[in-house]
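The structure under discussion appears below in the form of structure tokens.
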Amino acid sequence: MTQVKAGDKVRIHYTGTLSDGTVFDSSEGRDPLEFTVGSGQIIPGLDSALPGMSAGDKKTVEIACADAYGEARPEARQAIPRAQVPADMPLEVGASLQVQTEQGQVIPVTVAELTETEVVLDANHPLAGKDLTFRIELVSID
Numbered sequence: 244m245t246q247v248k249a250g251d252k253v254r255i256h257y258t259g260t261l262s263d264g265t266v267f268d269s270s271e272g273r274d275p276l277e278f279t280v281g282s283g284q285i286i287p288g289l290d291s292a293l294p295g296m297s298a299g300d301k302k303t304v305e306i307a308c309a310d311a312y313g314e315a316r317p318e319a320r321q322a323i324p325r326a327q328v329p330a331d332m333p334l335e336v337g338a339s340l341q342v343q344t345e346q347g348q349v350i351p352v353t354v355a356e357l358t359e360t361e362v363v364l365d366a367n368h369p370l371a372g373k374d375l376t377f378r379i380e381l382v383s384i385d
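Numbering-wise, the sequence shown is residues 244 to 385 according to my numbering.
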């Protein structure tokens, strides 16, 4: 039976959960996720779990944050004066926004904190600093 190796195009079904069991993503009800193993298209911890699997195999993989979305970086949080935020922009903790750098790059951010004078924006990936668990099923290997 053929086993996955780097460079193979694969399709997987998956369910990703946090350490408390909360599901953060799943392919349930959708087409399988398709990607090339070892190409950097998915998080490293999940990518490295696939070699050696055969079509139809299922497994559960626990992935430390360092092999997922990395540690949360304090420098990715920035406080800006509330006066710089347009008055008609609704703000609440947890809201997703986009900011543009001076070079024109658009960066997704999350409102992390609000005070009367400041808005703290967080550019970390929402799953940064979190250990993840994936239940995966290898659907096919091309």
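All C-beta atoms, glycine included, are put in the ideal place defined by N, C-alpha and C.
Since the model is a prediction, treat every value here as computed from it, not as a measurement.
Name the one or two DSSP bridge partners that residue i has.
| i | result |
| --- | --- |
| residue 341 | 351 |
| residue 324 | 361 |
| residue 334 | In the DSSP output, where bridge partners are listed per residue, residue 334 has none listed. |
| residue 256 | 380 |
| residue 375 | 261 and 306 |
Quick one: what's got a C-beta closer than 6 Å to residue i's C-beta in the same chain, skipping five residues either side?
| i | result |
| --- | --- |
| residue 293 | 247 and 280 |
| residue 323 | 362 |
| residue 295 | 246 |
| residue 276 | 255 and 270 |
| residue 284 | 278 |
| residue 286 | 311 |
Give every residue of the same chain whose Cβ lies closer than 7 Å to the Cβ of residue i, excluding the five residues on either side of it in the sequence, and list them in chain order.
| i | result |
| --- | --- |
| residue 244 | 297 |
State the CB to CB distance for the pair residue i and residue j, rounded to an integer number of angstroms; the pair is presumed to be in contact (CB under 8 Å).
| i | j | result |
| --- | --- | --- |
| residue 304 | residue 289 | 6 Å |
| residue 251 | residue 365 | Actually they do not touch by this definition, with Cβ atoms about 36 Å apart. |
In the segment 264–320, which residue ranges form an unbroken beta strand (DSSP E) of at least 3 residues, counting only runs that do not cross its ends? 266–269, 276–279 and 301–306, all fully within the segment 264–320.
Between the segment 305–323 and the segment 360–378, do three or more beta carbon pairs fall short of 8 Å? Contact holds: three or more Cβ-Cβ distances are below 8 Å.
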